[in-house]
Structure formats: structure tokens, C-alpha cells
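Take a look at the structure set out below.
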Amino acid sequence: MTLNQGAYFGVFSQALSMKFLFLLPIILAVCTACTDNSASNPQESSEEALPEQRIIAEVYQVIEVANIGCYLKPDEGSYRLASLSHGQTVQLVLEGEQSIWHGNELWLHVEGAVKGNAACFIKAQYLEPSNE
């Protein structure tokens, strides 16, 4: 190898290593995004997410608070279908999802709060199992 060939090889290898160093963060980001993180961050089903002490019932009554809303969606920002007061009873909807987590709040899908038997969502913290 002559001196010129050695200099050319050195410049070529340096340019190649610079390209590799430039591409390395991109390669690492792509590889990290493709890994399976499901074991470290399992998705909880609604049954697993229910508090252990919570009694599952079919009929609930409103606890002693001011009027609470029964909403079209499990979100206080959605349309309010009805207002309920202390002692009023509602039944869990038998088909579909009966409980839904929205943020850190558990909502129950109930019926009987709205005339015409339309179903709506109420925060579980405002309900307790009824004796009916």
C-alpha cells in the first residue's frame, strides 16, 4: 500500500465512521420503538382494575351528596342526561361494558336514571350497592 492509498483509506474510514455515528441514534431509536414492552407495562382489563373491596351489585343507589350527573359518555364534559339525588336507584347495564376507567376515575354504565330507560354513565364514587 502506498502512502496515497493509506491516506485515502484513512479518510474513507473516518467518513464512514462519522456517518455511522450520525446514524447510530436513529438506529437505536427505531430498535427501541420496535421492542415489545407489553410485559413491563401490562394493560389492565376492567375486571382486574376494580378495587378489591368494591361489592359488585346489579342495583346501586346514590350516596348522600348533592345532585350528581348521569352522562352520555364517561366524562363530566359530555352531555348530562339526568341528575340524581340521594337514595335514587339505578341498575347496571347488562350488555357491554358495565365499568369503564376514564383517567383515574371508575364510571359505571347504568340505566333507570333517565326516562325512556336510556343508559348513562355515573362516577362509581357516588354510588353504593342498594338493598333492593
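Using full-length UniProt numbering, you'd call the opening residue of the sequence shown number 1 and step up by one each time. Positions of the beta carbon are idealized from the N, C-alpha and C atoms, including for glycine.
With a threshold of 16 other CB atoms inside 10 Å of the CB of residue i, please say whether the residue is buried or exposed.
i, result
"His86", "exposed"
"Tyr60", "buried"
"Ser46", "Residue placement at Ser46 cannot be trusted, given a pLDDT of 45 that sits under 50; what the coordinates show is reported in the next sentence. Answer is exposed; the Cβ neighbour count stays below 16."
"Val62", "buried"
Taking the straight line between their C-alpha atoms, what separation do you get for residue i and residue j?
i, j, result
"Glu58", "Gly77", "26 Å"
"Lys123", "Val93", "14 Å"
"Phe121", "Glu95", "14 Å"
"Glu105", "Leu127", "13 Å"
Using CA coordinates, which residue listed in the options is at the minimum distance from residue i?
i, options, result
"Ala113", "Leu72, Gln125, Glu105", "Leu72"
"Pro129", "Gly116, Leu94, Thr89", "Thr89"
"Ala118", "Ile63, Asn67, Gln91", "Gln91"
"Val110", "Ala66, Glu64, Pro74", "Pro74"
Can residue i be considered in contact with the ligand GDP, in the sense that its beta carbon sits closer than 7 Å to one or more heavy atoms?
i, result
"Val62", "With respect to the ligand GDP, the structure offers nothing, as it holds no ligand at all."
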